[in-house]
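J.:
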Amino acid sequence: MSKNSIIAYRDTFVLLLRYCKDVKGINIRKLTINMLTCELVVEFLNWIQMERNCSASTRNARLAAIRALINYVEYADPSILAEGMRISSIPLKKAEKKAISYLSVEGIKLLLKQPNLRKRSGRRDLALLSLMYDTGARVQEIADLTVGSVRKSSPYTIRIIGKGNKTRIVPLLEKQTKHLFRYMQEEGLISSNNENAPLFSNKSNGKLTRSGISYILSKYINKARDECPHLIPENISCHSLRHSKAMHMLQADVPLVYIRDILGHESVVTTEIYAS
């Protein structure tokens, strides 16, 4: 599973243990699998939703992690099969379907005009933002890119490691690669000796994190909104650039199957949300 999935599962059990200790008064050193009943799981799910203000989708993700644990333990201890079936039958909460947040083509152009190209950081930020939009990559996928991910000769492509550590090759627009290669040249990243170095790094020469990339985007989104508010809607995030790429391809009559491959979706059914 991907690093993010592992972290999400870990966080679920940290929360569950905290609930058992702080709310139920259970000594977690004495906690046994038989104490993990259907009633306890339901109470825990209600707690994270009511007391911690978690959304229905987060609640469902926590339930999925607990189900995965139960499915695993059932093979080691069949005596919990009956209770495991009860836990597995806990229904998912219907999550509110949110409207897809994305920028228009004009909004993307306005955003990409914001970095100050007279500054080194501005040239890096333009390369970063234009690559995020061009590839439709998830923010973690961008953070994990290395110099070796980029094919530096025509046809230009980039190798992206997505969910489940699955690799996809995404073609790059030549116009976008001008920003990318200028940045790489300036940073000394063209040499093959740097294949394993992060493609985008911070002032400490460490790779940019998800929060670091989000901060960069937020800075330019605010500048673009000040310049032209009607082009920059609220709640624009890194994922909005991914949505923007998908919507613009759809509007250009690009087949859904091709959009699926660019975005790295498991099924075209997922991609169909952009057409609905």
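Each residue of the sequence shown is one higher than the one before, counting from 9 in the working numbering.
Every residue gets a Cβ at the ideal spot worked out from N, C-alpha and C, and that includes glycine.
Specify whether the stretch 41-59 and the stretch 70-87 touch according to this definition: at least 3 beta carbon pairs, one from each stretch, less than 8 angstroms apart.
T.: yes
J.: How would you write the range of the alpha helix (DSSP H) that ARG131 sits in, first residue to last?
T.: 128-143
J.: For the 8 angstroms Cβ check, are there 3 or more pairs between the stretch 123-137 and the stretch 260-274?
T.: no
J.: With a threshold of 7 angstroms on Cβ separation, who are the neighbours of SER252 within its own chain once the five nearest residues in sequence on each side are excluded?
T.: The beta carbon of SER252 sits closer than 7 angstroms to those of TYR110, LEU111, ILE116 and TYR141, all from its chain and outside the five residues before and after it, given in chain order.
J.: Quick check on the burial criterion: 16 or more other C-beta atoms within 10 angstroms. Buried or exposed for ASP19?
T.: Classified as exposed, ASP19 has fewer than 16 neighbouring CB atoms from the shown chains inside 10 Å of its CB.
J.: If I'm right that ILE41 touches ILE88 with Cβ under 8 angstroms, what's the distance once you round it to whole angstroms?
T.: 6 angstroms
J.: From the DSSP secondary-structure annotation, give me the bridge partner or partners of PRO206.
T.: In the DSSP output, where bridge partners are listed per residue, PRO206 has THR154.
J.: What is the residue span of the beta strand (DSSP E) that THR175 lies within?
T.: 175-179
J.: Should VAL155 and ILE221 be called a contact, given that it needs their Cβ atoms to be closer than 9 angstroms?
T.: No, they are not a contact pair.
J.: What whole-angstrom Cβ distance do ALA16 and SER63 have, given they're in contact under 8 angstroms?
T.: Contact flag wrong, Cβ pair sits at about 14 angstroms.
J.: Run through DSSP, which three-state label would ARG218 get?
T.: helix
J.: Check the C-beta distance from ILE294 over to CYS46 and give it rounded, since I have them as a contact under 8 angstroms.
T.: Here the chain has residues from 9 to 284 only, and residue 294 is not among them.
J.: ARG1 bridges to which residues according to DSSP?
T.: Examination of residue 1 is not possible in this model, given that the chain is present from 9 through 284 alone.
J.: Which residues in the same chain as GLU82 place their Cβ atom closer than 8 angstroms to its Cβ, once the five residues preceding and following it in sequence are excluded?
T.: Close CB contacts of GLU82 within its chain, under the 8 angstroms cut and outside five residues either way in sequence, are with ILE88, LEU89 and GLY92 (chain order).
J.: According to the neighbour-count rule (16 or more other Cβ atoms, all chains shown, within 10 Å of its Cβ), is ILE267 buried or exposed?
T.: buried
J.: Could you tell me the distance, in whole angstroms, from the CA atom of LYS211 to the CA atom of ILE36?
T.: Those two C-alpha atoms are separated by around 42 angstroms.
J.: Which word fits GLU195, buried or exposed, when buried means at least 16 other C-beta atoms lie within 10 angstroms of its C-beta?
T.: buried
J.: Can you find at least 3 beta carbon pairs, one from the stretch 269-278 and one from the stretch 166-179, that sit closer than 8 angstroms?
T.: As far as the Cβ criterion goes, the stretch 269-278 touches the stretch 166-179, which means the pair count is three or higher.
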